[in-house]
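K.L.:
Using my numbering, you'd call the opening residue of the sequence shown number 1 and step up by one each time. Just so it is clear, CB atoms sit at the ideal spot from N, CA and C, and this is done for glycine as well. This structure is a prediction, so every number in the text was calculated from the model and none was measured. Before anything else, here's the structure in question.
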Amino acid sequence: MSAPFQREIEPRFNSLSEFIKKSINLAARQSHIPIVNNAESAKFKLQAQHLLDRIQNAISCVEETDREWISFIHTRTGSELSDAKADYSNFLLGQEGDRCHFHNLIERGREAISSLEQALKAHLNCEHNVAFSLPHQTDNASHHQPRHSIAEANENIHTAHQASLNSTTAIRPNGITTIELPQIKPPIFSGDHLQWPTFWAIFEATVHSKPISNAEKMSYLVTFLRSDAKKSINGYHITNDNYPIVIDLLKRRFGNQKVIGEMLQQELISLPKATNATQSLRTFSDSVERLCRQMRSLQISDEHPVISSIIKSKLPYSVLTKVLERERTEGESWTAAKLRQAIHVENRVRLV
Numbered sequence: 001m002s003a004p005f006q007r008e009i010e011p012r013f014n015s016l017s018e019f020i021k022k023s024i025n026l027a028a029r030q031s032h033i034p035i036v037n038n039a040e041s042a043k044f045k046l047q048a049q050h051l052l053d054r055i056q057n058a059i060s061c062v063e064e065t066d067r068e069w070i071s072f073i074h075t076r077t078g079s080e081l082s083d084a085k086a087d088y089s090n091f092l093l094g095q096e097g098d099r100c101h102f103h104n105l106i107e108r109g110r111e112a113i114s115s116l117e118q119a120l121k122a123h124l125n126c127e128h129n130v131a132f133s134l135p136h137q138t139d140n141a142s143h144h145q146p147r148h149s150i151a152e153a154n155e156n157i158h159t160a161h162q163a164s165l166n167s168t169t170a171i172r173p174n175g176i177t178t179i180e181l182p183q184i185k186p187p188i189f190s191g192d193h194l195q196w197p198t199f200w201a202i203f204e205a206t207v208h209s210k211p212i213s214n215a216e217k218m219s220y221l222v223t224f225l226r227s228d229a230k231k232s233i234n235g236y237h238i239t240n241d242n243y244p245i246v247i248d249l250l251k252r253r254f255g256n257q258k259v260i261g262e263m264l265q266q267e268l269i270s271l272p273k274a275t276n277a278t279q280s281l282r283t284f285s286d287s288v289e290r291l292c293r294q295m296r297s298l299q300i301s302d303e304h305p306v307i308s309s310i311i312k313s314k315l316p317y318s319v320l321t322k323v324l325e326r327e328r329t330e331g332e333s334w335t336a337a338k339l340r341q342a343i344h345v346e347n348r349v350r351l352v
């Protein structure tokens with residue numbers, strides 16, 4: 001019954017898998033492409049955009065067949081419905097040792113799109129920074145800047161910061177042109193370890209990577225800090241030399257990956273157990289997916305058997321029995337990735 005849909009998905013699965021591999025290789029090359037080489041730079045941008053289009057198109061094609069397959073399943077009843085659901089859930093593709101459900105590959109495709117878009121953005125930012133780079137300041141200039149305490153300068157900094165975010169390119173008294181910072185502003189950071197990766201990613205892109213002085217970067221930084229985060233750098237004057245010091249201090253205190261990983265695992269342990277209701281299982285699945293992806297983004301493995309055990313302990317009995325049965329059939333315990341995939345497919349099949 002499901003064979004036509006499987007035959008249609010398989011070649012699209014293979015194409016998507018190949019595009020993902022190419023995108024990973026291209027994204028890895030980004031940092032080695034010389035910005036001053038216009039031909040190489042143009043080639044990279046063209047290849048990146050081409051792969052982005054191909055991956056998105058391949059995902060759309062697989063999803064279209066997926067919708068048709070789901071619609072077909074909904075027309076079945078009795079034993080035919082059970083067989084159709086089993087065909088859908090157990091349909092794995094790929095090379096031996098790396099076989100997965102096509103929904104898992106779709107997620108990999110979206111991750112590849114995100115990674116390639118970030119690489120392309122980083123490349124464009126480098127081009128922008130080269131084009132608008134400022135003259136190098138001498139050491140003497142950096143040491144003769146006026147020194148202000150954070151407490152004294154805060155109000156003036158806030159006013160200047162808001163004006164800068166809303167202004168066009170301006171000319172300094174010494175004739176040096178300053179660039180306009182993006183309208184997107186970093187979120188306020190108060191010292192929550194779990195919020196540090198997001199805060200730093202946005203601050204790095206919008207301020208830290210820009211060709212302005214370290215003193216200016218530090219001025220922007222303090223306007224986004226509150227509570228424990230701000231207290232941790234009290235006493236450091238706003239100077240070129242102090243900026244890398246406070247950045248290192250903040251990273252060591254709030255960006256400790258081991259601490260963040262432990263907090264993510266604790267959040268996973270604290271998740272309420274899912275019920276057999278579709279909405280409950282979907283909410284649980286979304287939470288598990290978010291936590292595991294956060295761990296992976298920090299290079300923290302989510303494949304430890306303890307993680308799998310925690311996820312299993314939160315599953316409703318009907319879903320857990322299916323998982324245990326398939327584990328016995330395959331002769332091995334499932335990783336967190338396979339569990340997430342199985343829960344996702346279970347949610348998909350329940351769309352009746």
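Should I59 and S23 be called a contact, given that it needs their Cβ atoms to be closer than 8 Å?
P.N.:
Not a contact, by the Cβ cut-off of 8 Å.
K.L.:
Under the rule that 16 or more other beta-carbon atoms within 10 Å means buried, what is S17, buried or exposed?
P.N.:
With 16 or more Cβ atoms within 10 Å of its Cβ, S17 is classed as buried.
K.L.:
Under the rule that 16 or more other beta-carbon atoms within 10 Å means buried, what is R12, buried or exposed?
P.N.:
With 16 or more other Cβ atoms within 10 Å, it is buried.
K.L.:
How about the region 334-347 and the region 102-115: do they share at least three Cβ pairs that are nearer than 8 Å?
P.N.:
The region 334-347, when compared against the region 102-115, does touch it at the 8 Å Cβ threshold.
K.L.:
Can S219 and I238 be called in contact, C-beta distance under 8 Å?
P.N.:
A contact, by the Cβ cut-off of 8 Å.
K.L.:
My understanding is that K185 touches V349, with C-beta atoms under 8 Å, so please give their C-beta distance in whole angstroms.
P.N.:
Actually they do not touch by this definition, with Cβ atoms about 42 Å apart.
K.L.:
Does the region 279-286 come close enough to the region 235-250 that 3 or more CB-CB pairs lie under 8 Å?
P.N.:
Contact fails: fewer than three Cβ-Cβ distances are below 8 Å.
K.L.:
Report buried or exposed for Y88, applying the criterion of at least 16 other Cβ atoms within 10 angstroms of its Cβ.
P.N.:
That one is buried.
K.L.:
On a CA-only basis, which of I311, R7 and Y317 is nearest S333? Give me that one, please.
P.N.:
Of the listed residues, the one whose Cα sits closest to S333 is I311.
K.L.:
Just reading off the alpha helix (DSSP H) that D83 is part of, what are its end residues?
P.N.:
Looking at the DSSP string, the run of the alpha helix (DSSP H) that includes D83 is G78 to S89.
K.L.:
Can you tell me the Cα-Cα spacing of R253 and S232, whole angstroms?
P.N.:
If I take the Cα positions, the gap works out to 9 Å.
K.L.:
Determine the contact status of E68 and F5, defining contact as a CB-CB distance below 8 Å.
P.N.:
It is a contact, given that the beta carbons lie within the stated cut-off.
K.L.:
Nearest-angstrom Cα distance between E10 and I113?
P.N.:
Taking the straight line joining both Cα atoms gives about 21 Å.
K.L.:
Could you give the residue range of the alpha helix (DSSP H) that holds P4?
P.N.:
From DSSP, the alpha helix (DSSP H) with P4 extends over A3 to R29.
K.L.:
Rounded to a whole number of angstroms, what is the C-alpha to C-alpha distance between I150 and T223?
P.N.:
Only weak support exists for where I150 lies, its pLDDT of 47 falling under 50; the value from the coordinates is given anyway. Cα to Cα, I150 sits roughly 10 Å from T223.
K.L.:
Whose CA, out of D53, A39 and N38, lies closest to the CA of S15?
P.N.:
Closest option to S15, Cα to Cα, is D53.
K.L.:
For the alpha helix (DSSP H) containing T283, list its first residue and its last residue.
P.N.:
From DSSP, the alpha helix (DSSP H) with T283 extends over T278 to S297.
K.L.:
Go ahead and pull the three-state DSSP assignment for H237.
P.N.:
Here H237 sits in coil by DSSP.
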